[in-house]
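Visitor:
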Amino acid sequence: MNIPKSSFPRVVIIGGGFAGVALAKKLSKKELQVVLLDKHNYHNFQPLLYQVSTGGLEPDSIAYPIRKILKDFPNFYFRLADVSEIDTEKCKVISNIGSLKFDYLVVASGSKTNFFGNKSIEDNSMEMKTIPQSLNLRSLILENFEDALLTSNLHERNALMNFVIVGAGPTGVELAGALAEIKKGILPKDYPDLDTRTVQINLVQSGDRILKEMSEKASKKAEDFLEDLGVHVWKNVRVTGYDGNVVTTNSDLTFEAETVIWAAGVKGAAINGIDGEELLSKSNRIQVNEFNQVKGFNNIFAIGDVAQMTTDQTPYGHPMMAQPAIQQGKHLGENLLRLIENKPLKPFKYKDKGSMATVGRNKAVVDLPKFKFQGVFAWFVWMFVHLFFLIGFRNRLVVFINWVYNYVRFDREARLIIRPYKNKFKP
Ligand SMILES: Cc1cc2nc3c(=O)[nH]c(=O)nc-3n(C[C@H](O)[C@H](O)[C@H](O)COP(=O)(O)OP(=O)(O)OC[C@H]3O[C@@H](n4cnc5c(N)ncnc54)[C@H](O)[C@@H]3O)c2cc1C
Numbered sequence: 074m075n076i077p078k079s080s081f082p083r084v085v086i087i088g089g090g091f092a093g094v095a096l097a098k099k100l101s102k103k104e105l106q107v108v109l110l111d112k113h114n115y116h117n118f119q120p121l122l123y124q125v126s127t128g129g130l131e132p133d134s135i136a137y138p139i140r141k142i143l144k145d146f147p148n149f150y151f152r153l154a155d156v157s158e159i160d161t162e163k164c165k166v167i168s169n170i171g172s173l174k175f176d177y178l179v180v181a182s183g184s185k186t187n188f189f190g191n192k193s194i195e196d197n198s199m200e201m202k203t204i205p206q207s208l209n210l211r212s213l214i215l216e217n218f219e220d221a222l223l224t225s226n227l228h229e230r231n232a233l234m235n236f237v238i239v240g241a242g243p244t245g246v247e248l249a250g251a252l253a254e255i256k257k258g259i260l261p262k263d264y265p266d267l268d269t270r271t272v273q274i275n276l277v278q279s280g281d282r283i284l285k286e287m288s289e290k291a292s293k294k295a296e297d298f299l300e301d302l303g304v305h306v307w308k309n310v311r312v313t314g315y316d317g318n319v320v321t322t323n324s325d326l327t328f329e330a331e332t333v334i335w336a337a338g339v340k341g342a343a344i345n346g347i348d349g350e351e352l353l354s355k356s357n358r359i360q361v362n363e364f365n366q367v368k369g370f371n372n373i374f375a376i377g378d379v380a381q382m383t384t385d386q387t388p389y390g391h392p393m394m395a396q397p398a399i400q401q402g403k404h405l406g407e408n409l410l411r412l413i414e415n416k417p418l419k420p421f422k423y424k425d426k427g428s429m430a431t432v433g434r435n436k437a438v439v440d441l442p443k444f445k446f447q448g449v450f451a452w453f454v455w456m457f458v459h460l461f462f463l464i465g466f467r468n469r470l471v472v473f474i475n476w477v478y479n480y481v482r483f484d485r486e487a488r489l490i491i492r493p494y495k496n497k498f499k500p
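All residue numbers for the sequence shown refer to the working numbering, where the first residue is 74 and numbers rise by one.
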């Protein structure tokens, strides 16, 4: 990997997401050699991916070069590498660009979509975890309207204009809201010769309420917002399969749809070498102790989505969200320095700062530890918080200008088919 030898201990971090970057920032001015490996050369702000999928933002405005984030740190090295295995005995990581020894290893590889073993859904539905996947979805949505315009078969046309989003967590809710706004504000202008009133947006949830991690009030209000926008919210319905044409459920309900977006689950993106029932939870997250140490190892840690810290308060680990990832990254930074200086480690304590979701223009729900509010003010808070956490002044400025422009013009100008999408399982 062409990393110079150093007299400082080497910390290797796998993953430049929220957790990995927070950790690298903490360590990089210390007497350590820090090597960050990621299969992408950018940090991706996942909470705004749905806006890329729906043409509200260009992908570049929610991504930031990892090298640039850490450019001022003298002992920091970034390598574009896909890590395939960890050799815990020899203390080295193995990747597509070679292997590298470590003194300390931190796995911060995040999560991936969980299809719960359902192959038909995995092969035929769309995911939205990465920028390329969001661009695929953007292309597919737009291509379907182009095809709908050409077909005289009513059945086919309806399926092309029927969207099914599975999973009503923040991702599903935000995507459904954005599609509903496109139906109302953009499609009639772009496709005046297509009856876009027949576009259907279905949000399917296996449980009895949407946004189940938030308060009951937030769930109820978000559902009202979605219904105002014309989204069909199906609760207590479990999707059981999708062959590329028809979505089946555990009831008589079926949907004929060309676009199905799977937002119903994630699992840890654990890496070979750290596996087995002892080390992995049911959701493929690496079991760690209260110091984020992987069970049985002094010098191997996991943080963020991929880590499961099971305690009495968190029997299923911390929520797979940005805040726990950032807080664990910062905390581990301090603990690693303590470890190197032979000082006792401090246990991680999560500070819940609340959660929020937006449904569309002037419509959002916010649950803070002490206050819960919904509507226009919540929407402004949602925008401010997302702008604040975006990395890079340029990105903040571009996103802000885009949002103001979209708000004033009722528009989403990034509705471009740059890279046509083709499902490899469809003829
Ligand atoms: C669509 C969507 C919307 C979301 N909305 C919100 C929200 O509104 N609020 C919120 O708090 N959270 C939200 N989340 C969750 C939040 O983004 C994650 O919890 C957070 O990104 C976790 O941070 P992380 O550092 O653990 O992982 P990530 O940010 O996912 O970073 C993991 C990194 O590891 C790299 N990597 C993975 N495997 C390898 C490998 N083998 N080799 C090399 N590199 C590897 C990846 O390329 C990636 O850069 C959302 C997630 C998604 C997908």
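Where a beta carbon is used, it is the ideal one built from N, C-alpha and C, also for glycine.
Looking at the structure shown, is F298 part of a helix, part of a strand, or coil, going by DSSP?
Guide: F298: helix per DSSP, three-state reduction.
Visitor: Have a look at I87, I413, A253 and flag the residue whose alpha-carbon is nearest the alpha-carbon of S172.
Guide: I87
Visitor: Quick one, which of F461, S292, P417 has its alpha-carbon nearest A241's?
Guide: Measuring from the Cα of A241, the nearest candidate turns out to be S292.
Visitor: Does at least one heavy atom of ligand 1 sit under 7 Å from the Cβ of D378?
Guide: Yes, the beta carbon of D378 sits closer than 7 Å to at least one heavy atom of ligand 1.
Visitor: Comparing C-alpha positions only, which one of I170, T387, L267 sits nearest to N231?
Guide: L267
Visitor: Return the chain-ordered list of same chain residues with a C-beta closer than 6 Å to the C-beta of V306, the five sequence neighbours on each side being excluded.
Guide: L276, E296, L299
Visitor: For S212 and K256, what's the separation of their Cα atoms in angstroms?
Guide: 16 Å
Visitor: Judging by CA-CA distance, which residue of Y137, N415, V237, G183 is the nearest neighbour of V310?
Guide: V237
Visitor: Does the count of Cβ pairs from the region 214–230 and the region 353–369 closer than 8 Å reach three?
Guide: Under the Cβ criterion (8 Å, minimum of three pairs), the region 214–230 does not count as touching the region 353–369.
Visitor: For S138, list the residues DSSP reports as bridge partners.
Guide: At residue 138 the sequence reads Pro, which differs from the Ser that was named. DSSP output for P138 lists Y115 as bridge partner(s).
Visitor: Take D160 and list the residues in its own chain whose beta-carbon comes closer than 7 Å to its own, dropping the five residues that flank it on each side.
Guide: These residues qualify, in order along the chain: I167, G346.
Visitor: In whole angstroms, what separates the C-alpha of F473 from that of F462?
Guide: 13 Å
Visitor: Find the nearest neighbour of M505 within the set G90, V179, W476, V108, judged by alpha-carbon distance.
Guide: This structure gives no information on residue 505, because the portion of the chain shown stretches from 74 to 500.
Visitor: Threshold first: 4 residues or longer. Then list the alpha helix (DSSP H) segments lying entirely within the region 410–469, N to C.
Guide: 449–462
Visitor: Would the beta-carbon of Y264 be found less than 7 Å away from any heavy atom of ligand 1?
Guide: Not under cutoff, so the answer is no.
Visitor: Is the beta carbon of G402 sitting closer than 8 Å to the one on A92?
Guide: yes
Visitor: Which residue comes first and which comes last in the alpha helix (DSSP H) that contains G250?
Guide: 243–258
Visitor: What number of angstroms, rounded off, separates the C-alpha of N209 from the C-alpha of N372?
Guide: Rounded to whole angstroms, the separation of the alpha carbons of N372 and N209 is 39 Å.
Visitor: List the DSSP bridge partners of A337.
Guide: None, per the DSSP bridge assignment.
Visitor: With the cut-off set at 8 Å, would you say L418 and L412 are in Cβ contact?
Guide: yes
Visitor: Taking contact to mean 3 or more Cβ pairs, one atom from each stretch, closer than 8 Å, check whether the region 105–121 and the region 454–468 are in contact.
Guide: yes
Visitor: From which residue to which residue does the beta strand (DSSP E) around Y123 run?
Guide: Element bounds for Y123: not the beta strand (DSSP E) but the alpha helix (DSSP H), 122–126.
Visitor: Taking the runs of the beta strand (DSSP E) that are 3 residues or longer, which of them lie wholly in the region 317–392?
Guide: DSSP runs (the beta strand (DSSP E)) wholly in the region 317–392: 319–322, 327–329, 332–335, 339–341, 359–361, 373–375, 380–382.
Visitor: Examine ligand 3 and report whether any of its heavy atoms sits within less than 7 Å of the Cβ of Q386.
Guide: This structure does not include ligand 3; its bound ligands are ligand 1.
Visitor: Distance, Cα to Cα, K174 vs K141?
Guide: 25 Å
Visitor: Return the first residue and the last residue of the beta strand (DSSP E) that L173 is part of.
Guide: 171–174
Visitor: Identify which residue in V481, F421, N226 has its Cα closest to the Cα of A398.
Guide: F421
Visitor: For Y423, I'd like the list of residues in its chain whose CB is within less than 7 Å of its CB, leaving aside the five on either flank, ordered along the chain.
Guide: Hits under 7 Å: H391, P397, Q400.
Visitor: For F151, write down the residues that DSSP places opposite it in a beta bridge.
Guide: L109
Visitor: Quick one: Cα of D155 to Cα of V125, how far?
Guide: 24 Å
Visitor: Thinking C-alpha only, which one of M456, K340, D145 is nearest W476?
Guide: M456
Visitor: Taking the beta strand (DSSP E) that S157 falls in, what are its first and last residues?
Guide: 156–160
Visitor: Is L215 helix, strand or coil when you go by DSSP?
Guide: helix
Visitor: Going by C-alpha distance, which of I283, G349, L233 is nearest T332?
Guide: Of the listed residues, the one whose Cα sits closest to T332 is L233.
Visitor: With distances taken between CB atoms, is the gap from A253 to I283 smaller than 8 Å?
Guide: no
Visitor: Given a threshold of 16 other Cβ atoms within 10 Å of its Cβ, counted over all protein chains shown, does Q447 qualify as buried or as exposed?
Guide: buried
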